Amino acid sequence: MWLRSPRLRGARLAALAQPRPACAPGARGLTAPLAAGASIHCPRCGTNFDRSMSFCGVCGLPASEIVSAPVGTPDAAPSPVARVAASGAPVVAAALAVEGPVRVESRTDNFGAVAAQAGSQLVTILKDGSEGPVHRLGTAVTDLGRFEGNITLPDDPYLSPRHARIQKRGDRHYLRDLGSVNGIFYRIREPVDLVHGDVVLVGQQVLRLEILGDGEVSLGPVMHYGVMLFGTPEQPRLARLVQLTSEGIPRDVFHLYRDETVIGRESGDVVFTDDVFLSRRHVAFKLDRAQRRVQVRDLGSSNGTLVLFRGEREIADGDIFRIGHHLFRFDASPRSAVARSAQGSSAR
35 MWLRSPRLRG ARLAALAQPR PACAPGARGL TAPLAAGASI HCPRCGTNFD RSMSFCGVCG
95 LPASEIVSAP VGTPDAAPSP VARVAASGAP VVAAALAVEG PVRVESRTDN FGAVAAQAGS
155 QLVTILKDGS EGPVHRLGTA VTDLGRFEGN ITLPDDPYLS PRHARIQKRG DRHYLRDLGS
215 VNGIFYRIRE PVDLVHGDVV LVGQQVLRLE ILGDGEVSLG PVMHYGVMLF GTPEQPRLAR
275 LVQLTSEGIP RDVFHLYRDE TVIGRESGDV VFTDDVFLSR RHVAFKLDRA QRRVQVRDLG
335 SSNGTLVLFR GEREIADGDI FRIGHHLFRF DASPRSAVAR SAQGSSAR
């Protein structure tokens with residue numbers, strides 16, 4: 035985090051230069067008001083700062099919250115939550131995850147010390163399913179992009195210069211696409227009704243749904259010179275999935291004519307045997323012929339099913355979304371991240 039204020043930079047250097055107070059035997063864990071002195075010991079980051087300052091110049095903890103802090107040398111700081119991978123975390127598809135080390139510039143231009151107390155954060159999900167860099171969110175607006183915004187990811191060619199925005203309104207957070215080229219994919223938690231043109235990401239497969247018009251649903255047999263054309267028996271179809279490629283053109287087309295079409299790596303109606311990031315039975319597309327609708331449902335896959343959106347949607351604690359090659363998990367507070375890691379440890 036860049037500290038623009040000279041006063042904050044000076045306070046930070048002065049704090050690091052000061053020795054830590056010695057702890058009397060048996061004093062660990064006791065609480066008492068701060069004694070008069072030239073510095074205050076910060077229990078969060080372990081540094082000392084000038085008593086005249088209203089908050090810690092390193093981590094931003096308000097001095098008013100340190101009055102009842104434990105006296106004595108603090109215990110060794112725990113490892114940051116961002117570097118602890120939850121047990122049983124899924125292996126993330128290469129199309130969804132960061133490939134190798136990522137150079138991340140995280141700027142908090144005007145968040146200040148208050149942002150350090152905001153609590154909400156984005157946790158990067160790495161290629162192996164572990165947790166990578168953590169980005170603290172501002173109290174109001176946080177923009178993400180390749181070159182512009184509070185969080186910049188210059189090594190991701192699939193990101194627009196200013197790609198997405200997370201905005202806090204009251205106690206809720208909203209994720210908005212800022213007119214990017216590739217949009218935002220969010221991981222669904224329950225069945226979702228799709229509309230014509232929706233794009234679904236499963237494993238490395240990018241599939242666009244197209245609802246067929248009345249003239250394509252059932253064409254009937256073809257007569258050629260008075261002879262009925264021989265072929266596979268027709269099936270009334272409602273929609274199709276078009277496989278999109280990075281070349282900008284479609285490749286394979288899969289018509290949806292069964293009541294439910296299952297896609298997977300080993301079992302299903304449509305199988306991609308060479309996609310190692312698909313589960314055996316990954317996702318199902320269910321037809322509602324009466325309403326001419328298609329519903330997508332994840333079948334408990336390891337890497338999940340993601341749907342593209344380009345507007346704005348509310349995000350909740352634990353939601354996962356992808357922009358460019360980066361996969362993020364939204365944590366409403368550090369406490370939820372700690373609880374999530376604890377749940378993973380207990381599941382071992």
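So the mapping is simple: this note's numbering equals the position in the sequence shown, first residue as 1, plus 34. All C-beta atoms, glycine included, are put in the ideal place defined by N, C-alpha and C. Just so it is clear, the structure is predicted and the values come from calculations on it, not from any experiment.
Locate the beta strand (DSSP E) running through residue i, then write down its first and last residues.
i, result
"GLN238", "Taken as a continuous stretch (DSSP letters only), GLN238 belongs to no beta strand (DSSP E), as it is neither H nor E."
"GLN325", "Looking at the DSSP string, GLN325 is not in any beta strand (DSSP E), and its letter there is neither H nor E."
"ALA198", "198-203"
"LEU209", "206-211"
"LEU342", "339-343"
"GLU165", "165-170"
"ASP286", "284-290"
"LEU156", "155-159"
"VAL215", "Element bounds for VAL215: n/a, residue is neither H nor E."
"PHE364", "360-365"
"SER73", "73-75"
DSSP three-state label for residue i, please.
i, result
"ASP308", "coil"
"PRO114", "At PRO114, the pLDDT of 36 sits below 50, so the modelled position is not reliable; the number obtained from the coordinates is stated separately. PRO114 falls in the coil class under three-state DSSP."
"GLU224", "coil"
"ASP248", "helix"
"ALA318", "strand"
"ALA97", "helix"
"GLU294", "strand"
"ALA273", "strand"
"ARG331", "strand"
"PHE264", "coil"
"VAL229", "coil"
"VAL136", "Its pLDDT being 40, under 50, VAL136 is placed unreliably in this model, and the coordinates cannot settle the point."
"ASP84", "strand"
"ARG356", "strand"
"SER121", "Here SER121 scores only 37 on pLDDT, less than 50, and its place in the model should not be relied on; the value that follows carries that caveat. It is coil, neither helix nor strand."
"ALA58", "In this predicted model, ALA58 has a pLDDT of only 43, less than 50, meaning its place in the structure is not dependable; the value taken from the coordinates is given anyway. The answer is coil: DSSP assigns ALA58 none of H, G, I, E or B."
"VAL126", "Bear in mind that the predicted position of VAL126 carries a pLDDT of just 40, short of 50, making it unreliable; the figure below should be weighed with that in mind. VAL126 falls in the coil class under three-state DSSP."
Since residue i contacts residue j with CB under 8 Å, what's their CB separation in whole angstroms?
i, j, result
"VAL330", "VAL234", "6 Å"
"GLY155", "VAL168", "Note that residue 155 is Gln in the sequence shown, not Gly. About 5 Å; that satisfies the 8 Å criterion."
"VAL296", "ARG315", "6 Å"
"PHE288", "VAL310", "Contact flag wrong, Cβ pair sits at about 20 Å."
"VAL215", "ALA273", "Rounded, the Cβ-Cβ distance is 25 Å, inconsistent with contact."
"ARG210", "SER194", "Contact doesn't hold; Cβ gap of about 13 Å is too wide."
"SER313", "SER336", "5 Å"
"ARG271", "LEU246", "6 Å"
"PHE343", "ILE218", "6 Å"
"LEU278", "VAL240", "4 Å"
"ASN404", "ASP190", "Outside the modelled stretch of the chain, which goes from 35 to 382, sits residue 404, for which no answer is possible."
"TYR220", "ASP353", "7 Å"
"GLU294", "PHE319", "7 Å"
"VAL341", "VAL226", "6 Å"
Does the Cβ of residue i lie closer than 7 Å to at least one heavy atom of the ligand COA?
i, result
"LEU321", "No copy of the ligand COA appears in this structure; indeed no ligand is present at all."
Per DSSP, which residues does residue i bridge with? Please list them.
i, result
"GLY179", "THR186"
"GLU348", "TYR208"
"LEU278", "VAL240 and PRO284"
"MET257", "MET262"
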